[in-house]
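Notes follow once the structure below has been shown.
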Amino acid sequence: MLKKVVVVHLFDIDIPGKITFIESKTLTAGETPTVVDTDVGRIGIGICYDLRFQELAMIYAARGAHLLCYPGAFNMTTGPLHWELLQRARAADNQLYVATCSPARDAGAGYVAWGHSTLIGPFGEVLATTEHEEAIIIAEIDYSVIELRRANLPLLKQRRGDIYQLVDIQRLNSQ
């Protein structure tokens, strides 16, 4: 095992007439963002609801991740509106690759997943995706594209540290 991965943000939502889900009744949020060094690069891993939090993705990018992976199971209420949108936003905002994997849809299940596993490029472009059936994505990731995109659109250099900052509390506390 390379690393233990834990969900950082718990899925506690209530959309009247649609879905109520309270993960905090059964789970405890993790304290540590997970970055794994592999032979295919540095990967930041979030779980499902973590995809909604740009700050976590920014921490992964600041820690040198080239790829963010989010296994998740957005539902039939949030999936159609947010699943691809959030993946594309995390990739474009941080100029890196984002991969998501979702279970296939089972309309008879108590919790129905949206499906649509996807790979997004560092410009926010959809490189590969599935529908809601069982499927496997095979796609090539070229990390040199990250540097090209960052040179073309130098977001990191243009951030206004005089107005706002991202603080990595764990790194700050370990110094």
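Heads up: the sequence shown begins at 1 in UniProt numbering, then just goes up one per residue. Even for Gly, the Cβ is constructed at its ideal location relative to N, Cα and C.
Counting C-beta atoms within 10 angstroms of its own C-beta, residue 154 has fewer than 16 neighbours from the protein chains shown and is therefore classed as exposed. Distance between residue 97 and residue 124, taken at the CA atoms: about 8 Å. Between the alpha carbons of residue 39 and residue 67 lies a gap of roughly 13 Å. By the CB criterion at 8 Å, residue 120 and residue 88 fall inside the cutoff.
Judged by beta-carbon spacing, residue 73 lies beyond the 8 Å limit of residue 109, meaning their Cβ atoms are not closer than that value. Rounded to the nearest angstrom, the gap between the Cα atoms of residue 169 and residue 31 is 11 Å. A Cβ-Cβ separation of about 10 Å leaves residue 60 out of contact with residue 36 under the 8 Å criterion.
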